Amino acid sequence: TGYRLPAVSRWGQVAPAGLVRYRGANLGAEFKDTLFACHFNTNKVLHVQLVPSGATFTTEESDFLSSTNIDFRPADILEDADGSLLLIDTGGWLSWGCPHSKTAKPEGKGAIYRIRRKGAPKVDDPRGLEIDWQNLEPIDLANLLASDRPAVRDRARATLIDRGKSSVPVLTVLFRKSRDPNVRQRCLWTLS
Numbered sequence: 001t002g003y004r005l006p007a008v009s010r011w012g013q014v015a016p017a018g019l020v021r022y023r024g025a026n027l028g029a030e031f032k033d034t035l036f037a038c039h040f041n042t043n044k045v046l047h048v049q050l051v052p053s054g055a056t057f058t059t060e061e062s063d064f065l066s067s068t069n070i071d072f073r074p075a076d077i078l079e080d081a082d083g084s085l086l087l088i089d090t091g092g093w094l095s096w097g098c099p100h101s102k103t104a105k106p107e108g109k110g111a112i113y114r115i116r117r118k119g120a121p122k123v124d125d126p127r128g129l130e131i132d133w134q135n136l137e138p139i140d141l142a143n144l145l146a147s148d149r150p151a152v153r154d155r156a157r158a159t160l161i162d163r164g165k166s167s168v169p170v171l172t173v174l175f176r177k178s179r180d181p182n183v184r185q186r187c188l189w190t191l192s
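Residue numbers (the working numbering): 1 to 192.
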């Protein structure tokens with residue numbers, strides 16, 4: 001297969017922790033399909049945009065969130081169903097194995113922060129809890145692959161997969177008829 005691919009980005013002497021691809025719309029269109037990367041020991045979260053470069057990618061990176069507090073330790077970042085981000089800060093308790101933490105500080109308890117854009121529209125039923133999943137026909141499930149709610153798309157895909165061969169005809173038809181490349185891609189992933 002040839003020599004290994006080069007690194008897309010080099011961060012130097014940092015402790016990369018959590019990484020998430022943002023699929024929602026809550027933060028704005030400029031963040032869709034970009035990455036957020038936690039750097040544990042530099043007390044920040046990067047916003048990472050992938051930029052096509054020939055057959056691979058390069059990155060454009062900027063600080064999304066940072067702190068001058070040495071006990072702020074972003075360990076993971078997740079996208080919630082409504083498109084907000086959940087940031088896990090482990091605090092200052094860690095002393096073993098981290099060169100920046102010489103002394104345990106049990107009073108630095110850490111936190112979970114929710115990050116959302118000011119004025120972002122509220123997402124109704126972001127997880128699809130009001131949907132009667134058990135009684136949906138395969139075509140109705142397949143149409144949910146076009147939902148703007150990532151958690152609903154994920155559950156529709158999982159339900160179609162669980163239903164097995166009965167899902168194949170509707171996914172095939174939706175794949176052929178849809179003009180939306182994202183829906184066509186989701187059909188292929190579900191079929192695979």
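We put the CB at the ideal spot given by N, CA and C, even for glycine.
None of these values were measured; they are calculated from a predicted model.
Asked                                                                                                                                    : Found
DSSP-derived helix/strand/coil call for Glu-79                                                                                           : strand
Contacts around Val-8, its chain only, beta-carbon distance under 8 angstroms, and the 5 residues preceding and following it disregarded : Leu-50, Thr-56, Phe-57, Thr-58 and Thr-59
Opening and closing residue of the alpha helix (DSSP H) in which Leu-19 lies                                                             : Per DSSP, Leu-19 belongs to no alpha helix (DSSP H); it is in the beta strand (DSSP E), 16 to 21.
Within 9 angstroms, strictly: CB atoms of Val-45 and Ala-81                                                                              : no
Alpha-carbon to alpha-carbon, Ser-62 and Val-168                                                                                         : 43 angstroms
For Ile-70, three-class secondary structure by DSSP                                                                                      : coil
Cutoff 6 angstroms; reference Ser-67; Cβ partners in own chain excluding five residues on either side                                    : Asn-43
Identity of the residues DSSP links to Gln-49 by a beta bridge                                                                           : Glu-60
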